[in-house]
Amino acid sequence: MKKQSSFGITSPPASSQVSAPQAGAYWTHLLLLVLFVAVTLATRELLWLPKQRDLDFSAYWTAAQLAFSPEGAPYDWRTLSRLGREWMPERTQVPAFIYTPVSLLAFGVFKGLEFTTAAGIMLVVNILASAAAFAFLARMLELRNSRRMFLCWAIYTLCFAPIYDSLGLGQVNPVLLLLLCTVWYAYRGNRAAWAGGLAAAAAVFLKFHFGLLLLPVLLRGQWRPALWGTAFLVLGVGLSAALFPFDAWAQWHEHVVSGSSLIRMPRGIPGVSEQSNLSLPGLTGRFLLKNPAFPNNPVPRELASLVATSLCAALACVMAWVLWRSSRMPRTPERADLEICLVLATAFEVSPISWGPHLVFLLPVLYLLGRDVVLAPGAPAPQRVLLGTLIVVLAFHPYFLRLQDVTAMLVVATLRALATLTVWSAMALLLLRLSPAREPTAASSPASCTG
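Here this note's numbering is used: the first residue of the sequence shown is 216, the next is one more, and so on.
Here's what the structure looks like:
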């Protein structure tokens, strides 16, 4: 029976009353997806030379062919590079493959496929993963609650150059971002422990420094996702050791681990002091290591390593202290968001290399700071202007500056690295504002003492 209003007019069913806004949201999101795909295809076609397009994916693809062949040497860059030239003579030299042997199990799906076909599949997967991650972040951070917030989120996301860098190079970063969102979802609601553990293990197998995500989980006493993650790590190591026809882990240790440090990369990977490296080791390395800006730098490598290690350790300790303070307060969705974002910002800083495309891992942090500081009406104007400027700068690609002078490139790289460090500081301070000033006293209520 239809409900009548006080004026005797029959009201439409509740389902039809909400269908129009839902339909509007559906078409809006579909339009944004179409625009995102269009910009992705346009940037790949107009800004990337054919021989450089999908450059990183060429390493994944070549390594996958080698991993299941009699040669079995995906971590030997000389072999990888030689076969890359034979199989793809028209392309830029294949970079080294440095991911763990477990990742080769996933990339093994491309074995037997032509490179062009495999790269196209990877592009589709990356676009879908990006769209899913954007949708998750918009929902979890409530970026669609106001028209102003939604408009800023949509424009910023569509103009965020690092995501198009990742898609142009065929990197795995969009998939990794979605894995991090899955860990976030499990931690935020203390649910789906197995999914969070699986995603965390997969993220660690791709990039070790995301193991820092374990810290807030342990501080909150969420043992189930930690145990699931450990189980999947052990399972991955066991499967990779059993399935490959060569000693994958020994080869990975020989060619990747042994040739790496905070100031040194394995052969076939650009150096830490490269201008596009925005991590803390990259920032210090440009001034303490030999590079185009300082070709005769007299600083001993031992000192450069000590400085980078000390600063990274200091950042990690500050992060741990802030998370510990926060863990003594009741867990709320807002607090969980801040904790995860602080870990993501710290992981970006302490990694030996965080190239420009890796800024996609800071996207949740930039969204959150934009919501809570830049667009917050009560925030101090200087903070809003500073962080707003930095957020816009990090979305911009230095390619458009057309820099040729080495000094100018050094200045721009330094400013961008300092921008990410400022973002990390703002994230830590934002979480500290919600943390207790001192330990709870005995007089505190039980609710205020539970974590």
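All residues carry an ideal CB built from backbone N, CA and C; glycine is no exception.
With 8 Å as the threshold, decide whether the Cβ of Leu392 is near any Cβ in chain D.
No chain D appears in the structure shown, which is made up of a single protein chain.
Could you spell out where the alpha helix (DSSP H) holding Ile313 opens and where it closes?
Element bounds for Ile313: n/a, residue is neither H nor E.
According to the neighbour-count rule (16 or more other Cβ atoms, all chains shown, within 10 Å of its Cβ), is Arg554 buried or exposed?
Looking at the sequence shown, residue 554 is not Arg but Glu. That one is buried.
Leaving out five residues before and five after Ser660 in sequence, what residues of the same chain have Cβ atoms less than 6 Å from its Cβ?
Note that Ser660 scores a pLDDT of 38, beneath 50, so its modelled location is shaky; the value from the coordinates is reported in the next line. Closer than 6 Å at the Cβ level, and outside the excluded window around Ser660, lies no residue.
In three-state terms, what does DSSP make of Arg653?
For Arg653, the pLDDT reaches just 39, beneath the cut-off of 50, and the residue's location in the model is therefore unreliable, leaving the point undetermined.
Comparing alpha-carbon positions, which option in Trp242, Leu649, Thr277 lies nearest Thr547?
Selected option, being the one with the closest Cα: Leu649.
Threshold first: 3 residues or longer. Then list the beta strand (DSSP E) segments lying entirely within the segment 383 to 444, N to C.
DSSP runs (the beta strand (DSSP E)) wholly in the segment 383 to 444: none.
Entirely within the segment 261 to 308 and at least 4 residues each: give me those alpha helix (DSSP H) ranges in chain order.
For the segment 261 to 308, whole alpha helix (DSSP H) runs of length 4 or above, ordered along the chain, are 270 to 282, 292 to 302.
Under 8 Å between the Cβ atoms of Trp276 and Ala321?
Cβ distance not < 8 Å, so Trp276 and Ala321 don't count as in contact.
In whole angstroms, give me the CA-to-CA distance for Leu413 and Leu427.
Rounded to the nearest angstrom, the two C-alpha atoms are 15 Å apart.
Give a yes or no on contact between the segment 621 to 639 and the segment 592 to 611, applying the rule of three or more CB pairs nearer than 8 Å.
Yes: at least three Cβ pairs fall under 8 Å.
Going by DSSP, name the residue or residues bridged to Ser640.
Beta-bridge pairing links Ser640 to no other residue.
Is His470 closer than 8 Å to Tyr290 when the C-beta atoms are compared?
In this structure, His470 lies closer than 8 Å to Tyr290 by Cβ.
Distance check for Val390 and Ile606, CA to CA, integer angstroms please.
Straight-line Cα distance between these residues: approximately 23 Å.
Given this structure, state the Cα-to-Cα distance separating Thr622 from Lys326, to the nearest angstrom.
In a straight line, the C-alpha of Thr622 is about 44 Å away from that of Lys326.
Per DSSP, what are the beta-bridge partners of Ser476 in this structure?
Ser476 is bridged to Arg479.
CB Ser520 to CB Ser476, shorter than 8 Å?
Yes, the pair counts as a contact, with Cβ atoms nearer than the cut-off.
Straight-line CA distance for Ala346 to Trp536?
So the alpha carbons of these two residues sit roughly 34 Å apart.
Sorted by chain position, which residues of the same chain lie with C-beta nearer than 7 Å to Thr255's C-beta, five sequence neighbours on each side aside?
So the qualifying residues of the chain are Ile342, Tyr379, Leu382.
Thinking C-beta only, is Leu421 closer than 8 Å to Ala348?
Taking 8 Å as the Cβ cut-off, Ala348 and Leu421 do not qualify as a contacting pair.
Who are the Cβ neighbours of Gly385 in its own chain at under 8 Å, not counting the five residues just before and after it?
Answer for Gly385: Arg268, Asp269, Leu270, Asp271, Phe272, Ser273, Tyr275, Ala334, Met337, Leu338, Asn341, listed in chain order.
Taking the alpha-carbon positions, what's the Leu430 to Ala591 distance?
Each residue's Cα considered, the two are about 29 Å apart.
Have a look at Met544 and Gly436 and give me their C-alpha separation to the nearest angstrom.
If I take the Cα positions, the gap works out to 13 Å.
Going residue by residue through the segment 513 to 568, where are the continuous alpha helix (DSSP H) segments of at least 4 residues, counting only ones entirely within it?
Listed in chain order, they are 516 to 542, 548 to 565.
Measure the beta-carbon distance from Leu584 to Met534 and round it to whole angstroms, keeping in mind my assumption that it falls under 8 Å.
Rounded, the Cβ-Cβ distance is 16 Å, inconsistent with contact.
Should Ala311 go down as buried or exposed, given a rule of 16 or more other Cβ atoms within 10 Å for buried?
Ala311 is buried by the Cβ-count criterion.
So, does the segment 281 to 297 touch the segment 482 to 495, judging by three or more C-beta pairs under 8 Å?
They touch, by the three-pair rule.
Can the beta-carbon of Ala531 be found less than 8 Å from the beta-carbon of Thr499?
Cβ distance not < 8 Å, so Ala531 and Thr499 don't count as in contact.
State yes or no: is the C-beta of Ala415 within less than 8 Å of the C-beta of Ala407?
No, the Cβ-Cβ distance between Ala415 and Ala407 is not below 8 Å.
Using the C-alpha atoms, what's the distance from Pro510 back to Phe576?
Those two C-alpha atoms are separated by around 32 Å.
Helix, strand or coil: which one does DSSP assign to Asn341?
Of the three classes helix, strand and coil, the one that applies to Asn341 here is helix, per DSSP.
Using three-state DSSP, classify Phe509 as helix, strand or coil.
In the structure shown, Phe509 sits in a strand (DSSP, three-state: E or B).
DSSP three-state label for Cys367, please.
In this structure, Cys367 counts as helix in the three-state DSSP scheme.
Hey, how far is the Cα of Leu442 from the Cα of Pro597?
Taking the straight line joining both Cα atoms gives about 44 Å.
Terminal residues of the continuous alpha helix (DSSP H) containing Ala610?
Ala610 -> alpha helix (DSSP H) spans 596 to 610.
Evaluate Val160 with the Cβ neighbour count: other Cβ atoms within 10 Å of its Cβ, from every protein chain shown; 16 or more gives buried, anything less gives exposed.
Limits of the chain in this structure are 216 at one end and 666 at the other, which puts residue 160 out of reach.
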